[in-house]
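If you read the sequence shown in the working numbering, its first letter stands for residue 34, the second for the next number, and so on. We put the CB at the ideal spot given by N, CA and C, even for glycine.
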Amino acid sequence: MATIDITADDLVVNVEGLDKLWALKSSLTIPLTNVRGATPDPSIAHEWKGVRTAGTYVPGVIVAGSFRSEGERVFWDVKNPAKALVIELADERYARLVIEVDDPRATAELIESAKRN
Numbered sequence: 034m035a036t037i038d039i040t041a042d043d044l045v046v047n048v049e050g051l052d053k054l055w056a057l058k059s060s061l062t063i064p065l066t067n068v069r070g071a072t073p074d075p076s077i078a079h080e081w082k083g084v085r086t087a088g089t090y091v092p093g094v095i096v097a098g099s100f101r102s103e104g105e106r107v108f109w110d111v112k113n114p115a116k117a118l119v120i121e122l123a124d125e126r127y128a129r130l131v132i133e134v135d136d137p138r139a140t141a142e143l144i145e146s147a148k149r150n
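The structure is reproduced here in structure tokens:
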């Protein structure tokens, strides 16, 4: 699970609990100008993840860490696919963040609102 914080200029993803260990990352800070959008997508957890480059993958249990898919890096932190949120990025190390948040719809709205301001 992760939490999202929005500062004046950045989107900060905080990885919580043992997920820090599984994902090999505790937080990611992304300039809001590089955030293209955010969408709740529970079905993404059933798609091919790519090649794991760092982290943990136990099918049906957890996907956490860095994966490479179709030439792009994707960061995952998902245990419960129903709470998956996809954040599309531009000009960043990761092309996409796929994270589990408490309320994906509300978090997507928060991110979209912050981008407009």
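Residue environment, residue i, which counts as buried when at least 16 other CB atoms sit within 10 Å
i: Tyr-78; result: At residue 78 the sequence reads Ala, which differs from the Tyr that was named. Buried.
i: Pro-54; result: Here residue 54 turns out to be Leu, not Pro, going by the sequence shown. Leu-54 comes out exposed.
i: Asp-52; result: buried
i: Val-134; result: buried
i: Gly-70; result: exposed
i: Arg-138; result: exposed
i: Asn-91; result: Note on residue identity: the sequence assigns Val, not Asn, to residue 91. Answer is exposed; the Cβ neighbour count stays below 16.
i: Ala-117; result: buried
Inter-residue Cα distance where the pair is residue i and residue j
i: Lys-112; j: Ile-120; result: 17 Å
i: Met-34; j: Lys-148; result: 23 Å
i: Tyr-127; j: Ala-115; result: 22 Å
i: Leu-57; j: Ala-41; result: 27 Å
i: Asp-110; j: Pro-75; result: 13 Å
i: Val-48; j: Ser-60; result: 6 Å
i: Thr-89; j: Val-96; result: 6 Å
i: Thr-62; j: Val-46; result: 6 Å
i: Glu-80; j: Ser-102; result: 11 Å
Extent of the continuous alpha helix (DSSP H) to which residue i belongs
i: Thr-140; result: 137–149
Residue i: first and last residue of the uninterrupted beta strand (DSSP E) it sits in
i: Trp-109; result: 105–111
i: Ala-71; result: 68–73
Contact the region 82–94 vs the region 135–146: 3+ CB pairs below 8 Å: Under the three-pair Cβ rule at 8 Å, the region 82–94 does not count as touching the region 135–146.
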